[in-house]
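Numbering (my numbering), first residue to last: 3 to 212.
Next up, the structure:
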(Lines of atoms letter the chains of each structure in order from A and count residues from 1; the text may use other names and numbers.)
(Lines give C-alpha, C1' and ligand atoms only; values in the text may rest on other atoms or scores of the structure.)
Protein backbone atom coordinates (compact mmCIF):
# COMPACT_ATOMS: atom_id res chain seq x y z
CA UNK A 1 0.00 0.00 0.00
CA UNK A 2 0.88 3.67 -0.15
CA UNK A 3 -0.05 6.79 1.75
CA UNK A 4 1.54 9.99 3.02
CA UNK A 5 0.72 12.78 5.47
CA UNK A 6 -0.69 14.99 2.70
CA UNK A 7 -3.11 12.19 1.79
CA UNK A 8 -3.60 10.33 5.08
CA UNK A 9 -5.72 7.46 3.81
CA UNK A 10 -4.21 4.99 1.36
CA UNK A 11 -4.15 5.83 -2.34
CA UNK A 12 -2.80 2.48 -3.57
CA UNK A 13 -2.90 -1.14 -2.44
CA UNK A 14 -2.25 -4.57 -3.83
CA UNK A 15 -5.39 -6.51 -4.81
CA UNK A 16 -6.67 -9.02 -2.25
CA UNK A 17 -7.22 -11.53 -5.04
CA UNK A 18 -5.60 -12.13 -8.40
CA UNK A 19 -2.40 -10.54 -9.61
CA UNK A 20 0.00 -9.17 -7.00
CA UNK A 21 3.55 -7.96 -7.60
CA UNK A 22 6.43 -8.10 -5.14
CA UNK A 23 7.89 -4.69 -4.37
CA UNK A 24 4.87 -2.83 -5.74
CA UNK A 25 2.68 -0.42 -3.76
CA UNK A 26 -0.18 -1.81 -5.83
CA UNK A 27 -2.77 -0.11 -8.00
CA UNK A 28 -4.79 3.06 -7.31
CA UNK A 29 -7.88 2.60 -5.17
CA UNK A 30 -11.33 3.52 -6.54
CA UNK A 31 -11.79 7.30 -6.96
CA UNK A 32 -8.01 7.77 -7.02
CA UNK A 33 -6.12 8.87 -10.13
CA UNK A 34 -2.35 8.46 -10.28
CA UNK A 35 0.28 9.08 -12.92
CA UNK A 36 4.02 9.43 -13.39
CA UNK A 37 5.22 12.78 -14.69
CA UNK A 38 8.49 14.02 -16.14
CA UNK A 39 11.11 15.38 -13.75
CA UNK A 40 12.17 17.83 -16.45
CA UNK A 41 8.97 19.80 -17.04
CA UNK A 42 6.85 18.42 -14.15
CA UNK A 43 3.85 18.19 -16.49
CA UNK A 44 4.32 15.51 -19.15
CA UNK A 45 2.85 12.12 -18.28
CA UNK A 46 5.38 9.34 -18.84
CA UNK A 47 4.87 5.96 -20.46
CA UNK A 48 4.90 2.69 -18.48
CA UNK A 49 8.40 1.78 -17.34
CA UNK A 50 9.71 5.34 -17.34
CA UNK A 51 10.80 6.88 -14.04
CA UNK A 52 9.37 10.17 -12.81
CA UNK A 53 7.44 11.78 -9.95
CA UNK A 54 4.28 10.14 -8.65
CA UNK A 55 1.31 12.53 -8.56
CA UNK A 56 -2.12 11.60 -7.23
CA UNK A 57 -5.64 13.01 -7.28
CA UNK A 58 -8.50 11.91 -5.07
CA UNK A 59 -10.80 12.68 -2.15
CA UNK A 60 -8.11 11.94 0.45
CA UNK A 61 -5.75 14.66 -0.81
CA UNK A 62 -5.33 17.57 1.60
CA UNK A 63 -6.60 21.07 0.85
CA UNK A 64 -3.25 22.61 1.72
CA UNK A 65 -0.69 23.30 4.44
CA UNK A 66 -1.90 25.57 7.25
CA UNK A 67 -0.61 29.13 6.71
CA UNK A 68 1.98 27.92 4.18
CA UNK A 69 0.76 29.20 0.79
CA UNK A 70 4.07 28.81 -1.05
CA UNK A 71 4.54 25.20 0.05
CA UNK A 72 0.91 24.48 -0.81
CA UNK A 73 1.32 25.92 -4.31
CA UNK A 74 4.40 23.79 -4.91
CA UNK A 75 2.76 20.59 -3.71
CA UNK A 76 -0.82 20.99 -4.94
CA UNK A 77 -1.30 21.89 -8.59
CA UNK A 78 -4.76 21.87 -10.16
CA UNK A 79 -5.89 19.31 -7.61
CA UNK A 80 -2.93 16.99 -8.16
CA UNK A 81 -0.68 16.19 -5.21
CA UNK A 82 3.01 16.12 -6.09
CA UNK A 83 4.20 13.45 -3.68
CA UNK A 84 7.96 13.93 -3.95
CA UNK A 85 8.30 10.19 -4.53
CA UNK A 86 10.05 8.91 -7.63
CA UNK A 87 8.23 5.96 -9.11
CA UNK A 88 7.28 4.02 -12.22
CA UNK A 89 4.17 2.20 -13.37
CA UNK A 90 4.20 -1.02 -15.38
CA UNK A 91 1.99 -2.19 -18.23
CA UNK A 92 -0.46 -3.76 -15.77
CA UNK A 93 -0.96 -0.52 -13.86
CA UNK A 94 1.09 -1.51 -10.82
CA UNK A 95 3.15 1.29 -9.26
CA UNK A 96 6.68 0.92 -7.84
CA UNK A 97 8.47 3.46 -5.66
CA UNK A 98 12.06 4.10 -6.77
CA UNK A 99 13.25 6.75 -4.30
CA UNK A 100 12.60 10.20 -2.85
CA UNK A 101 12.92 13.12 -5.26
CA UNK A 102 14.88 15.24 -2.79
CA UNK A 103 17.50 12.48 -2.46
CA UNK A 104 18.25 12.31 -6.19
CA UNK A 105 21.98 12.57 -6.91
CA UNK A 106 23.06 14.51 -10.02
CA UNK A 107 26.72 13.88 -10.89
CA UNK A 108 27.56 15.94 -13.99
CA UNK A 109 23.83 16.27 -14.70
CA UNK A 110 23.08 12.53 -14.69
CA UNK A 111 20.36 11.09 -12.46
CA UNK A 112 21.32 8.53 -9.83
CA UNK A 113 18.84 7.03 -7.39
CA UNK A 114 20.48 6.12 -4.05
CA UNK A 115 18.28 3.07 -3.56
CA UNK A 116 19.43 1.54 -6.85
CA UNK A 117 23.09 1.82 -5.84
CA UNK A 118 22.31 0.53 -2.35
CA UNK A 119 20.58 -2.54 -3.74
CA UNK A 120 23.56 -3.39 -5.95
CA UNK A 121 26.08 -3.05 -3.12
CA UNK A 122 23.83 -4.95 -0.71
CA UNK A 123 23.99 -7.96 -3.05
CA UNK A 124 27.70 -8.31 -2.27
CA UNK A 125 27.99 -11.29 0.10
CA UNK A 126 30.44 -9.40 2.33
CA UNK A 127 28.09 -6.45 2.93
CA UNK A 128 25.76 -6.27 5.92
CA UNK A 129 24.19 -2.90 5.14
CA UNK A 130 24.84 0.19 3.08
CA UNK A 131 23.72 3.78 2.73
CA UNK A 132 24.22 5.92 -0.38
CA UNK A 133 23.87 9.68 -0.81
CA UNK A 134 25.20 12.59 -2.81
CA UNK A 135 28.08 14.75 -1.58
CA UNK A 136 29.56 17.94 -3.08
CA UNK A 137 32.22 17.50 -5.75
CA UNK A 138 34.33 20.28 -7.25
CA UNK A 139 34.34 18.76 -10.75
CA UNK A 140 30.99 16.96 -11.07
CA UNK A 141 28.96 19.30 -8.86
CA UNK A 142 27.80 16.31 -6.88
CA UNK A 143 29.04 12.76 -6.67
CA UNK A 144 27.99 9.40 -5.24
CA UNK A 145 29.26 8.17 -1.89
CA UNK A 146 28.55 4.83 -0.21
CA UNK A 147 28.85 4.10 3.51
CA UNK A 148 29.31 0.36 3.98
CA UNK A 149 29.06 -1.94 7.00
CA UNK A 150 30.65 -5.33 6.42
CA UNK A 151 29.49 -8.60 7.92
CA UNK A 152 31.36 -9.92 10.94
CA UNK A 153 34.91 -11.11 10.15
CA UNK A 154 34.66 -9.93 6.52
CA UNK A 155 37.16 -7.57 4.92
CA UNK A 156 36.95 -5.55 1.72
CA UNK A 157 38.63 -2.61 0.04
CA UNK A 158 37.25 0.50 -1.60
CA UNK A 159 38.45 -0.75 -4.98
CA UNK A 160 36.68 -4.06 -4.41
CA UNK A 161 33.34 -2.40 -3.73
CA UNK A 162 33.73 -0.06 -6.70
CA UNK A 163 34.67 -2.96 -8.99
CA UNK A 164 31.55 -4.82 -7.85
CA UNK A 165 29.46 -1.81 -8.84
CA UNK A 166 31.22 -1.29 -12.17
CA UNK A 167 30.23 -4.80 -13.25
CA UNK A 168 26.57 -4.13 -12.50
CA UNK A 169 25.72 -0.52 -13.34
CA UNK A 170 26.50 2.44 -15.56
CA UNK A 171 29.83 4.18 -14.82
CA UNK A 172 28.22 7.43 -13.63
CA UNK A 173 26.31 5.51 -10.93
CA UNK A 174 29.41 3.90 -9.41
CA UNK A 175 30.31 5.47 -6.05
CA UNK A 176 33.31 7.77 -6.30
CA UNK A 177 33.84 7.42 -2.55
CA UNK A 178 33.35 4.43 -0.26
CA UNK A 179 33.65 4.66 3.52
CA UNK A 180 33.55 1.64 5.80
CA UNK A 181 31.66 2.00 9.08
CA UNK A 182 30.93 -0.16 12.11
CA UNK A 183 27.33 1.06 12.03
CA UNK A 184 25.07 3.52 10.22
CA UNK A 185 22.66 6.10 11.68
CA UNK A 186 19.06 4.86 11.61
CA UNK A 187 15.55 5.83 12.56
CA UNK A 188 13.74 4.04 15.38
CA UNK A 189 12.29 1.65 12.80
CA UNK A 190 15.69 0.83 11.31
CA UNK A 191 15.70 3.02 8.19
CA UNK A 192 19.14 4.35 7.30
CA UNK A 193 19.34 8.13 7.65
CA UNK A 194 20.95 9.36 4.44
CA UNK A 195 20.60 12.99 5.52
CA UNK A 196 22.54 12.26 8.69
CA UNK A 197 25.32 10.66 6.65
CA UNK A 198 25.46 13.79 4.50
CA UNK A 199 25.55 16.01 7.60
CA UNK A 200 28.41 14.00 9.06
CA UNK A 201 30.28 14.29 5.77
CA UNK A 202 29.75 18.06 5.71
CA UNK A 203 30.98 18.42 9.30
CA UNK A 204 34.07 16.39 8.51
CA UNK A 205 34.90 18.48 5.45
CA UNK A 206 34.36 21.72 7.37
CA UNK A 207 36.68 20.39 10.06
CA UNK A 208 39.40 19.86 7.46
CA UNK A 209 39.08 23.47 6.28
CA UNK A 210 39.18 24.95 9.76
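Here a beta-carbon is modelled for each residue, glycine too, at the ideal position from N, C-alpha and C.
Item                                                                                                                                                                           : Value
Pull the bridge partners of residue 206 from the DSSP assignment, please.                                                                                                      : Beta-bridge pairing links residue 206 to no other residue.
Within the chosen definition, does the stretch 162-171 reach the stretch 185-195 through at least 3 CB pairs nearer than 8 Å?                                                  : no
Where residue 74 and residue 83 are concerned, what is the direct C-alpha to C-alpha distance, given to the nearest angstrom?                                                  : 10 Å
Does the distance from the CB of residue 135 to the CB of residue 200 come in under 7 Å?                                                                                       : yes
State the DSSP-derived secondary structure class of residue 79, mapped to helix, strand or coil.                                                                               : strand
Quick one, are the C-beta atoms of residue 9 and residue 57 less than 7 Å apart?                                                                                               : no
When the Cα of residue 60 is compared with those of 38, 34, 76, which residue comes out closest?                                                                               : 34
Which runs of the alpha helix (DSSP H), 4 residues or longer, sit entirely within the stretch 93-140?                                                                          : 116-124
Cβ atoms of residue 183 and residue 151: under 7 Å apart, would you say?                                                                                                       : yes
Just checking: is the beta-carbon of residue 150 within a distance shorter than 7 Å of some beta-carbon in chain C?                                                            : Here chain C cannot be found, since the structure has a single protein chain.
Using 8 Å for Cβ pairs, my map puts residue 55 next to residue 103. What's the rounded Cβ distance?                                                                            : 6 Å
Residue 160 lies in the alpha helix (DSSP H); which residues open and close that run?                                                                                          : 160-168
Relative to the C-alpha of residue 131, which residue among 140, 175, 121 is closest?                                                                                          : 121
Can you grab the Cα-Cα spacing for the pair residue 153 / residue 129, in whole Å?                                                                                             : 6 Å
Whose C-beta lies closer than 8 Å to the C-beta of residue 46 among residues of the same chain, with five residues either side of it excluded?                                 : 39, 40
Which whole-angstrom value describes the C-beta separation of residue 91 and residue 177, a residue pair presumed to lie in contact below a C-beta threshold of 8 Å?           : With 8 Å as the limit, residue 91 and residue 177 do not qualify as a contact, their Cβ atoms being about 29 Å apart.
So what's residue 147 in DSSP terms, helix, strand or just coil?                                                                                                               : strand
Count the other CB atoms within 10 Å of the CB of residue 196; is the residue buried (16 or more) or exposed (fewer)?                                                          : buried
Do residue 53 and residue 96 have their C-beta atoms closer together than 7 Å?                                                                                                 : no
Excluding the five sequence neighbours on either side, which residues of its own chain have a C-beta within less than 7 Å of the C-beta of residue 158, listed in chain order? : 128, 152
Count the other CB atoms, across all protein chains shown, that sit within 10 Å of the CB of residue 36; report buried if there are 16 or more and exposed otherwise.          : buried
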